[in-house]
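Residue numbers (the working numbering): 2 to 273. Down below is the structure, laid out as structure tokens.
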Amino acid sequence: MSVPLEDLFEDIIGKAQRGLKLSDHELVTRADIDMPAVARLRNGSGTRNEVSVLATALGLKPEPLWESFQRNWKPDTIALDGLEQINTDLLGMTVNTYVLWDTSSRVAALFDAGIEPATLAAIIDRHGLSLQSIFITHTHEDHVAGLEEIVSRTGARARVYAPAGEPIPGAKNVQEGDRFTIGALQIEARLTNGHSPGGTSYVVHGLSRTVAVVGDSLFAGSMGGAPSAYPLAIKNNREKLLTLPDDTIICPGHGPMTTVANERQHNPFVAD
Numbered sequence: 002m003s004v005p006l007e008d009l010f011e012d013i014i015g016k017a018q019r020g021l022k023l024s025d026h027e028l029v030t031r032a033d034i035d036m037p038a039v040a041r042l043r044n045g046s047g048t049r050n051e052v053s054v055l056a057t058a059l060g061l062k063p064e065p066l067w068e069s070f071q072r073n074w075k076p077d078t079i080a081l082d083g084l085e086q087i088n089t090d091l092l093g094m095t096v097n098t099y100v101l102w103d104t105s106s107r108v109a110a111l112f113d114a115g116i117e118p119a120t121l122a123a124i125i126d127r128h129g130l131s132l133q134s135i136f137i138t139h140t141h142e143d144h145v146a147g148l149e150e151i152v153s154r155t156g157a158r159a160r161v162y163a164p165a166g167e168p169i170p171g172a173k174n175v176q177e178g179d180r181f182t183i184g185a186l187q188i189e190a191r192l193t194n195g196h197s198p199g200g201t202s203y204v205v206h207g208l209s210r211t212v213a214v215v216g217d218s219l220f221a222g223s224m225g226g227a228p229s230a231y232p233l234a235i236k237n238n239r240e241k242l243l244t245l246p247d248d249t250i251i252c253p254g255h256g257p258m259t260t261v262a263n264e265r266q267h268n269p270f271v272a273d
């Protein structure tokens, strides 16, 4: 499945500017370029040097930002036995939900619930799965829109897990460092808040590669907006996600799946 990037160049610089709480005047003063040049860049016209000075002013990495400006990078499509990404049109956007399962016992977990219950049922039937648990990364509407009906259909209410910082009535609270077992899969919760108060990522071991379901903490080539906690969001991404093995599959809430290695090279916010 080919999923487009969530953020383009203009989205990235907008998120950085809002995160740093810079007015347009403050931005052009810091970058030492004029406002018409910034406007041209946002519209896709400008020079490499202009992109570089804008990156420096925004605390972004120039080379990955230039790649974004040129629109010449996107991660290769990722496939892994025991992992399925479902990209759904919802609330005027597209959002990702993930099903991960033990390939031997077929016991499965759902990560986020921005999915039509009928679509989930078809996936479970196709793979012969038994849904054991539902893990929520954060409670923005696009990530929980289908939860109530999914719970009703599957009877999984006692096995819904949500961040303690964003509790859901009836769900079990998840704290930093909590661990769960789904068949042969081992799941570790990591607090990656910033985009939302309790945003939590789930690191999954037991498949042929490590998988991290990260919600809106990190995207391929970008990250979720964090205007009220921008430094914290970047710190969490660097310290709790990009320290995982390079071949770890990153499963974001929007956009295509990626890897730790990709983001350390191509993400303007967190690249090495």
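Every residue, glycine too, gets a C-beta built ideally from N, C-alpha and C. Predicted model only: the values in this text are computed from it and were never measured.
Beta-carbon contacts of residue i that lie in its chain and below 6 Å, excluding the five residues immediately before and after
i: PRO164; result: VAL175, GLY199, THR201
i: ALA17; result: LEU59, LEU61
i: ASN263; result: PRO76
i: THR104; result: ASP82, GLY83
i: TRP74; result: GLU68, HIS267
i: ARG239; result: VAL271
i: LEU55; result: ALA32
i: LYS173; result: TYR162
Under the three-state DSSP convention, the category residue i falls into
i: LEU130; result: coil
i: SER153; result: helix
i: PRO168; result: coil
i: GLY1; result: Residue 1 cannot be examined here, being either before or after the span of the chain that is shown, 2 to 273.
i: SER223; result: strand
i: SER202; result: strand
i: ASP33; result: coil
i: ASP248; result: coil
i: ALA185; result: coil
i: PHE70; result: helix
i: ALA190; result: strand
i: GLN86; result: strand
i: ARG19; result: helix
i: LYS236; result: helix
i: ARG210; result: coil
i: ASN44; result: coil
i: LEU91; result: strand
i: LEU101; result: strand
i: THR120; result: helix
i: ASN174; result: strand
i: ALA38; result: helix
Residue burial classification, residue i (beta-carbon count within 10 angstroms, cutoff 16)
i: LYS22; result: exposed
i: LEU92; result: exposed
i: THR98; result: buried
i: GLN228; result: A small correction: the amino acid at residue 228 is Pro; Gln does not occupy that position in the sequence shown. That one is exposed.
i: HIS206; result: exposed
i: GLN71; result: exposed
i: ARG191; result: buried
i: HIS139; result: buried
i: SER131; result: exposed
i: HIS26; result: exposed
i: THR259; result: buried
Within 9 Å, strictly: CB atoms of residue i and residue j
i: ARG154; j: GLN133; result: no
i: THR249; j: THR193; result: no
i: ILE183; j: ALA109; result: yes
i: SER197; j: GLY171; result: no
i: HIS255; j: MET94; result: yes
i: LEU6; j: LEU28; result: no
i: ALA272; j: LEU242; result: no
i: ARG31; j: PHE10; result: no
i: GLY147; j: PRO168; result: no
i: LEU208; j: ILE151; result: no
i: GLY226; j: LEU219; result: no
i: GLU51; j: ALA40; result: no
i: HIS128; j: TRP102; result: yes
i: GLY47; j: PRO232; result: no
i: ILE125; j: TYR162; result: no
i: ALA234; j: SER106; result: no
Residue i CB to nearest heavy atom of the ligand MG below 8 Å
i: VAL261; result: Ligands are entirely absent from the displayed structure, and the ligand MG is therefore not among its contents.
8 Å CB neighbourhood of residue i in its chain, flanking five on each side removed
i: ILE13; result: LEU61, LEU66, SER69, GLY222, SER223, PRO269, PHE270
i: LEU245; result: VAL204, THR211, ALA213, VAL261
7 Å CB neighbourhood of residue i in its chain, flanking five on each side removed
i: VAL96; result: THR89, GLY115, ASP143, HIS144, GLY254, HIS255
i: THR78; result: SER3
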